[in-house]
DNA sequence: CTATTTCGGATATATTATATCCGCAATTAT
DNA sequence: ATAATTGCGGATATAATATATCCGAAATAG
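Protein chains in written order, with the working numbering: chain A, 4 to 167; chain B, 4 to 167.
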């Protein structure tokens, strides 16, 4: 019961794209360098975001990944589901029907209380994730990121994009 | 991002113990037979419940597992954490501090908005799980379990406990 | 005291996650 | 056109975790 490590990478990458001027396109090489992450595996995460329609890709020189929608229209839930999948965390195998005291399937009309309770909690979790979007995250980021880092990052991108 | 399969087994086993007369003690062999599950692995789940103080164990003849507390005092969250662990699902590795634009650790005063948002959603999930206890689950079970199965189970236990 | 029952830690196997590599297709700058 | 860049998808290797089993130690009934 845990998130994949790539989730953190993917969300931070989206957050970075949202912080830069709209339409900015960053290749996986640059993203990996910025966060000091393994490029090939980060690219796999971005690929998942692309398949989910969260980022758009541009191939070829000057290509890379860019947000497919305004940051306010990309929720945390969408990113989480893109990376970790949208399957329910609890999969009921209906063991209540098994064993010597089980009865015919038609007698079971709805999921058992255990499954319903666990699914209800999952729903609360998803609801909370759906309340937060990339714009919110970047507002928080602006308040909590050290000014020194913001300056450093601005300078770094200027040099990188100028050099290319 | 998913629950272990043993979670379903553990909760159903607790639910069964709560449904039987207080103080009832069932060995893993009987539990496994009742749900048609692999005995050795089910015992592992019960072991976790025991280590978490949810069930008490009695070794030797006539031994087995029994609830350590009244069913109203055992929450779904406690059982979930006993089986799947109580670690946070999202582990922040602070990649914001890495790479060429990171600054000294002392400049970061609190977790980033991404981690806080994900943890908040987890908190909502735990809160929901903590609202439900074993007594609730069994009330639900009484309403949704086919009467045919209840009768069958009663008979099965009578025979089993008489034969022993 | 002894035989039996049952739990619990150690161990093995299977599955999944993590990480990498390479050829291909698409795009762009020259 | 051509060469260079970049993402995509498949194939593969390794690490971590979940799943499953076994056997010894502990406890009890008789």
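For glycine and all other residues, C-beta sits at the position ideal for the given N, C-alpha and C. Being a predicted model, the structure only gives us computed values, none of them experimental.
Enclosing beta strand (DSSP E) for residue i [first to last residue]
i, result
"residue 70 of chain A", "67-70"
"residue 61 of chain B", "58-61"
Contact belief for residue i with residue j at Cβ below 8 Å, rounded distance in angstroms
i, j, result
"residue 59 of chain B", "residue 46 of chain B", "The Cβ separation is near 15 Å, so there is no contact."
"residue 33 of chain A", "residue 163 of chain A", "7 Å"
"residue 37 of chain A", "residue 19 of chain A", "7 Å"
"residue 122 of chain A", "residue 91 of chain A", "7 Å"
"residue 39 of chain A", "residue 28 of chain B", "Not confirmed; about 55 Å, so no contact."
"residue 12 of chain B", "residue 48 of chain B", "5 Å"
"residue 57 of chain B", "residue 85 of chain B", "6 Å"
Boundaries (first-last residue) of the alpha helix (DSSP H) holding residue i
i, result
"residue 142 of chain B", "137-147"
"residue 106 of chain B", "Looking at the DSSP string, residue 106 of chain B is not in any alpha helix (DSSP H), and its letter there is neither H nor E."
"residue 89 of chain B", "Segment: none, residue 89 of chain B is in no alpha helix (DSSP H) and carries neither H nor E."
"residue 10 of chain A", "9-22"
"residue 119 of chain A", "116-133"
"residue 52 of chain B", "42-54"
"residue 97 of chain A", "It is not in any alpha helix (DSSP H) - residue 97 of chain A carries neither H nor E in the DSSP assignment."
"residue 35 of chain A", "31-38"
Straight-line Cα distance separating residue j from residue i
i, j, result
"residue 99 of chain A", "residue 143 of chain B", "13 Å"
"residue 87 of chain B", "residue 103 of chain A", "28 Å"
"residue 141 of chain A", "residue 24 of chain B", "55 Å"
"residue 118 of chain A", "residue 130 of chain B", "16 Å"
"residue 149 of chain B", "residue 15 of chain B", "16 Å"
"residue 17 of chain B", "residue 55 of chain A", "40 Å"
"residue 9 of chain B", "residue 89 of chain B", "15 Å"
"residue 65 of chain B", "residue 160 of chain B", "14 Å"
"residue 155 of chain A", "residue 106 of chain B", "9 Å"
"residue 93 of chain B", "residue 96 of chain A", "26 Å"
"residue 77 of chain B", "residue 53 of chain B", "13 Å"
"residue 75 of chain A", "residue 42 of chain B", "51 Å"
"residue 35 of chain A", "residue 69 of chain A", "15 Å"
"residue 139 of chain A", "residue 120 of chain B", "10 Å"
"residue 116 of chain B", "residue 137 of chain A", "10 Å"
"residue 6 of chain A", "residue 62 of chain A", "29 Å"
"residue 145 of chain A", "residue 67 of chain B", "57 Å"
"residue 126 of chain B", "residue 108 of chain B", "27 Å"
"residue 82 of chain A", "residue 30 of chain B", "45 Å"
"residue 135 of chain B", "residue 165 of chain B", "34 Å"
"residue 147 of chain A", "residue 133 of chain B", "32 Å"
"residue 114 of chain B", "residue 4 of chain A", "22 Å"
"residue 153 of chain B", "residue 124 of chain B", "38 Å"
"residue 3 of chain B", "residue 44 of chain A", "As displayed, chain B neither begins before 4 nor continues past 167, which places residue 3 of chain B out of reach and without an answer."
"residue 26 of chain A", "residue 112 of chain A", "51 Å"
"residue 151 of chain B", "residue 73 of chain A", "56 Å"
Residue i CB to nearest heavy atom of the ligand SAM below 7 Å
i, result
"residue 22 of chain A", "Absence of the ligand SAM from the depicted structure is noted, as is the absence of any ligand whatsoever, leaving it without description."
Contacting positions in the region 32-51 of chain A - beta carbon closer than 8 Å to chain B:
36, 37, 38, 39 and 40
What are the residues of the region 129-153 of chain A that lie near chain B, defined by any Cβ-Cβ distance shorter than 7 Å?
131, 132, 135, 140, 143, 144, 147, 149, 151 and 152
Taking a cut of 8 Å between CB atoms, which residues from the region 93-107 of chain B lie near chain A?
93, 94, 95, 96, 98, 99, 101, 102, 103, 104, 105 and 106
May I ask you to list, following chain order, the residues of the region 110-128 of chain B that have a beta carbon less than 9 Å from some beta carbon of chain A?
110, 111, 112, 113, 114, 115, 116, 117, 118, 119, 120, 121, 123, 124, 125, 126, 127 and 128
For the region 7-20 of chain A, which residues have a beta carbon sitting closer than 9 Å to at least one beta carbon of chain B?
7, 8, 10, 11, 12, 14, 15 and 18
Residues, ordered as in the chain, of the region 68-81 of chain B that lie near chain A by beta-carbon distance below 7 Å
79
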